[in-house]
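Protein chains in written order, with the working numbering: chain A, 1 to 527; chain B, 528 to 1050. Every residue, glycine too, gets a C-beta built ideally from N, C-alpha and C.
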Amino acid sequence: MNKYDVIVIGGGHNGLVNAAYLAKAGRKVLVLERRHVLGGAAVTEEIYPGFQYSVASYVVSLLRPEIIRELDLPRHGLEILPLDGTFTPMPSGDHLWRVNDHAKTRREIARHSKLDAEAYDEYGKAMVEMGRFVKPILTMTPPDPTSLEPRGLMNLLFLGRRFQALSDQDKYNQVQLMTMSAVDFLDQWFETDVLKATMSASGIIGTFLGVRSPGTAYVLLHHYMGEIDGAFRSWGLSRGGTGAISLAIADAAREAGAEIRTETAVSKIIVKDGAASGVVLANGDYITADVVSSSVDPNLTFLKMVGTEHLPSGFVDDVKRYKYRGSSGKVNLALDALPNFTAMPGAGPHLRGAISISPGVEYMERAYDEAKYGRYSRRPYIDMVIPSLTDPSVAPPGKHVMSCFVQYAPYNLKEGGTWDDHREAFGDTVINTIAEYAPNIKDIILHRQVLTPLDIERTFGLTEGNIFQGELTLEQLFFLRPAPGWAQYRTPVKSLYMCGSATHPGGGIMGAPGRNAAQKIIKDGRR
Amino acid sequence: MSAIIVIGAGHNGMTTAFYLAKAGHKVTMLERRPVVGGCAATEEFALGFRAPLANAVGPLRRSVIRDMGLATRVQFIHPDPRLVALSPDGRALPFSADIGRTAEAIGAFSQNDARRYPEFCETLRRLGVFLSGLFDLTPPSIDAPAAGEMWEMLKVGKRFRALGRTDSFRLLRWGPMAAADLVSEWFETDLLQAAVASRGVFGTAMGPWSAGSGAVLLLNAAIDAAPGGSSVMVKGGPGALALAMAEAARGADVQIRTSAAVSRILVGDGKAAGVVLADGTEIAADAVVSNADPKRTFLGLVDPMDLDPGFLTKIRNYRSRGTVAKVHLALNTVPVFRGVADPADLHGRILVAPGIDYLERSFDAWKYGELPQEPFLDISIPTLSDPSLAPAGKHVMSVHVQFVPYTLAGDRSWSDARQALAATVLATLEKYSPGIGSAIETAQVLSPVDLEQNYSLTGGQIYHGEPSLDQVFTMRPILGWARYRSPIENLFLCGCGTHPGGGITAASGQNAAREIALALKSA
């Protein structure tokens, strides 16, 4: 039997990034993926013949440029196609359509409010500044604020200095972003309801919070840090679906010598004398390694694979306390033709970007209110993309795929029955909501795939269906992610590391956790 | 020695005035209303019935009580239990000062919760002690901390480390958390969860599921760590306390003028130079201290030409949305509550907030400008400890009603909505105290708009601005101006809209006096 330096659990994009960096550093790496396909939630699958669904995650913007560069991903087949604009149809028949062309967007916003058009420029500048401030934090191993470890203190000092160096206005903005609700924050800049609603939507994605919940302004920034070809805040699609990103990373990892096995589920992490020494597979096989790096969430890693008997009780409490609370679902559609929106009929370029059902702040907030009490939103927030318009390879000629991200769909339903009982009704709700804006939608659906939070949990191994492996709330970020005192990719089990979205800086197709963790493993190995 | 004008004779204004006079300055206080005390004033709302805006005081900072000799001037009453939380199933949970006794009462609901309660109290106490140290500080300057401040911050850092790993992480985690999450980590009984979480949302524009309500809970713990909160009463009502503070201030040679509304703060050469009264009288001064809230001070009393537009924008964006209304009931008898056998248990506060979802639904209504169907009530019957507030044998019930919006949806005006609010409150009370309706002689409703008009609280916000994470400590009222100073030289703030804010604690006033004395000395 082969012995490996590192076993990476989970072939999602973070696990693969982790493996690629470790392999490049000369480690003998084995990646184990439970499913038959690689990519975790960044996966492309042909659920319906001829149509390639980006089943879960569907847009990319946060993927760290240094990872693209260092792993030379374009050579391994990565191609990001820009996704231009956000189109928000309104019940009144009007719309808001923001595009990457700045002058055009200004004119469009001015149509709703002249003041907002002016503020939009200022806002954009301020957010770019904030993004610059936060960016180095993404690649940093979070310091432990309770320890006197010099490196951690240096990091804290570095953060303090950077903050001090900001202008007064930027400091003010930064503090507000870290603490306020998306709507309160945007209220200071804008008056147009539909604009605020659509912008605030990025603040709630993947959290169990509403647009008026404090702490959501931060996530606004999280979504502003995306960068494609050096341009901030652009979203993109990966040619071939998001799965192609994972495949490119996997290719890079393999080229560097990593071995990747699919359909190989890990059931246990072997812990001996307080240190991880390998894994037990679902089929009973043992594989040993010096280091185990887990890209699955803390619930699976610690409570299922390690076992509480190997962990300090305080840590177990923290892991149990860590909040997942999936709040979103996904509906993937195979379409015979393009949807026709009443607010802007025809197959124009407005369909090439994101289409957002977020007509007003109150609409968004009421959607959240229902979820708070355990119902899925009867009129949900929906973020739609038709990737086949940008990348025709994902659907047969003349046909289309449409990805609908739906919030809120609380993991814990209180309306009787399980998600299995409500799946189709939930799917109908989504279609009915879309039909209010694009009445032809019901006639053009060839196939519909509905993913509830329960399905997301089952299919992708994401506890409670949380797409970010744990909520991106302030008390679960930075040095508190995923557990106080264990934010540095290490765990209480020696030679067991975490490298997934549950670690700093969190979820999205970013890759930063995988890369940061790899650096930590490499550094620890030198000692 | 400087001639100083203090605008507003609320408890913080009087505290600042007292200390500045003690430091040798010539202090004049100007109060718009005919009575001193601001929100602490006790006023007659029906013939022979008197009630204050605030149900309980602070507790007031100890050093203020000592320095102003308040203990000899008024009688503080410490009811026990401090709080009784009512359940719709007819039971009640009393929060006694004695942790063991409270745990025993909790045991009737859940043995697990009873077991955890002492540890929760102890944790809250330790974190509260740490935070109360921060309350005494002037928030440090962010740009260029002086050596003294660095020293203070180092001391804070040392005390943070002394908390130990578990507690320091708790502090970091709990602050940004939702109070609902925080309490559910400790307790399983909805009634207990809500009673504790209600402290994290009282007076704020947050529901228990709002992130950051954990911080408010912690800030309250710094004032009084008991999970049920503080219920210090004053014989004669908080108004008696206000009079005692005025007496102490006068004793220190502060001149207090009531019915003297300030309409404008005079600025000359970028410096505060005095005030103009509503009747046109000008009063010159070397420094002006405003006990009014930040919005009223900078947007209402200062000429916008004297301030930088960026600063004005930030003050406009300072959130000050009222959520509390007040209902005063004149009762012809002492009310009886289901589950409370001994009337002596009603001397503290009485809480109608029986569940987390109950609180959240009430907050939901507020968000949309609607009246809550089932409001969160924080009640006291001050006449139980102090019969002088009502005619013989009769009682006053003082009810804080939350969440009540300042602006009602659909252009509905408050003159129409007052009756509806009273009806909602009475219907809610009936559930817990059947028959109370027939005991009511008169009811007075003070909407958030009334609170704004009567007490000059912008937006009806009882804390002079929401205590949200971005509006506390170095950010109160706004980042860069948390040190009681303002962009106008010799114009200072001393009210609840400055660090540490909170209820009737006099902490802002005392901190402000220290900073102002320093600033005037170095000038």
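Using a 10 angstroms sphere on the CB of residue 398 of chain A, the tally of other CB atoms stays under 16, which defines it as exposed. The beta strand (DSSP E) runs of length 3 or more contained entirely in the segment 424–475 of chain A are, from start to end of the chain, 445–451. Shown here, residue 855 of chain B sits in a strand according to DSSP, grouped into three states.
When the Cα atoms are used, residue 198 of chain A and residue 759 of chain B turn out to be separated by approximately 47 Å.
Within the same chain, Cβ atoms closer than 7 Å to the Cβ of residue 460 of chain A are found at 40, 41 and 56, the five residues on either side in sequence being excluded. Fewer than three beta-carbon pairs drawn from the segment 446–458 of chain A and the segment 185–202 of chain A are found closer than 8 Å, and the two stretches are therefore not classed as touching.
Between the segment 816–832 of chain B and the segment 984–993 of chain B, the count of C-beta pairs closer than 8 Å reaches three or more; the two stretches touch.
Annotation: residue 309 of chain A to residue 315 of chain A spans about 11 Å, alpha carbon to alpha carbon.
Only buried fits residue 305 of chain A, as 16 or more other CB atoms lie within 10 angstroms of its CB. Shown here, residue 95 of chain A sits in a strand according to DSSP, grouped into three states.
Contact of residue 1015 of chain B with chain A by beta-carbon distance below 9 Å is absent, the smallest such distance being about 17 Å. Here residue 935 of chain B is buried: its Cβ has 16 or more other Cβ atoms, across all protein chains shown, within 10 Å.
Residues of chain A whose Cβ lies closer than 7 Å to the Cβ of residue 696 of chain B are, in chain order, 146, 484 and 485.
When Cβ-Cβ separations below 7 Å define contact, residue 703 of chain B makes contact with chain A.
At a beta-carbon threshold of 7 Å, the residues of chain A lying near residue 844 of chain B are 188, ordered along the chain. When DSSP states are grouped into helix, strand and coil, residue 218 of chain A belongs to the helix group. The way I'd put it, the segment 956–967 of chain B does touch the segment 859–867 of chain B; three or more beta-carbon pairs between them come closer than 8 Å. Residues of the segment 735–753 of chain B whose Cβ lies closer than 7 Å to any Cβ of chain A, in chain order: 736, 737, 738 and 739. DSSP links residue 929 of chain B through a beta bridge to B:851 and B:903. In this structure, residue 996 of chain B places its C-beta atom within 7 Å of the C-beta atom of residue 742 of chain B.
The beta carbon of residue 36 of chain A lies closer than 6 Å to those of 262 and 263 in the same chain, with the five residues before and after it left out. In the structure shown, residue 845 of chain B adopts coil according to DSSP, grouped into three states.
Annotation note: the segment 675–761 of chain B contains no uninterrupted beta strand (DSSP E) run of length 3 or greater. Closer than 7 Å to the CB of residue 149 of chain A there is not a single CB belonging to chain B.
Those residues of the segment 461–485 of chain A placed with their C-beta closer than 8 Å to a C-beta in chain B are 473, 474, 475, 479, 480, 484 and 485, ordered along the chain. In the displayed model, residue 510 of chain A falls within coil according to three-state DSSP, outside both helix and strand.
Of all residues in the segment 873–891 of chain B, only 884, 887, 888 and 891 place a beta-carbon less than 9 Å from a beta-carbon of chain A.
In the DSSP annotation of this structure, residue 211 of chain A is not part of any beta strand (DSSP E), being labelled neither H nor E. Distance from residue 32 of chain A to residue 239 of chain A at the Cβ level is roughly 28 Å; contact not present, criterion being Cβ atoms closer than 8 Å. Among the CB atoms of chain A, one or more fall inside 7 Å of the CB of residue 1007 of chain B. For the pair residue 908 of chain B and residue 922 of chain B, the CB atoms are nearer than the 7 Å cut-off. In the DSSP assignment, residue 383 of chain A falls within the beta strand (DSSP E) that extends over 381–385. Residue ranges of uninterrupted beta strand (DSSP E) with 3 or more members, entirely inside the segment 262–343 of chain A and ordered along the chain, are 266–272, 275–281, 286–294 and 328–335. At a Cβ-Cβ threshold of 7 Å, residue 714 of chain B and residue 796 of chain B do not count as neighbours. Under the Cβ criterion of 7 Å, residue 677 of chain B is not counted among the residues facing chain A. Comparing alpha-carbon positions, the option among A:89, A:170 and A:489 lying closest to residue 129 of chain A turns out to be A:170.
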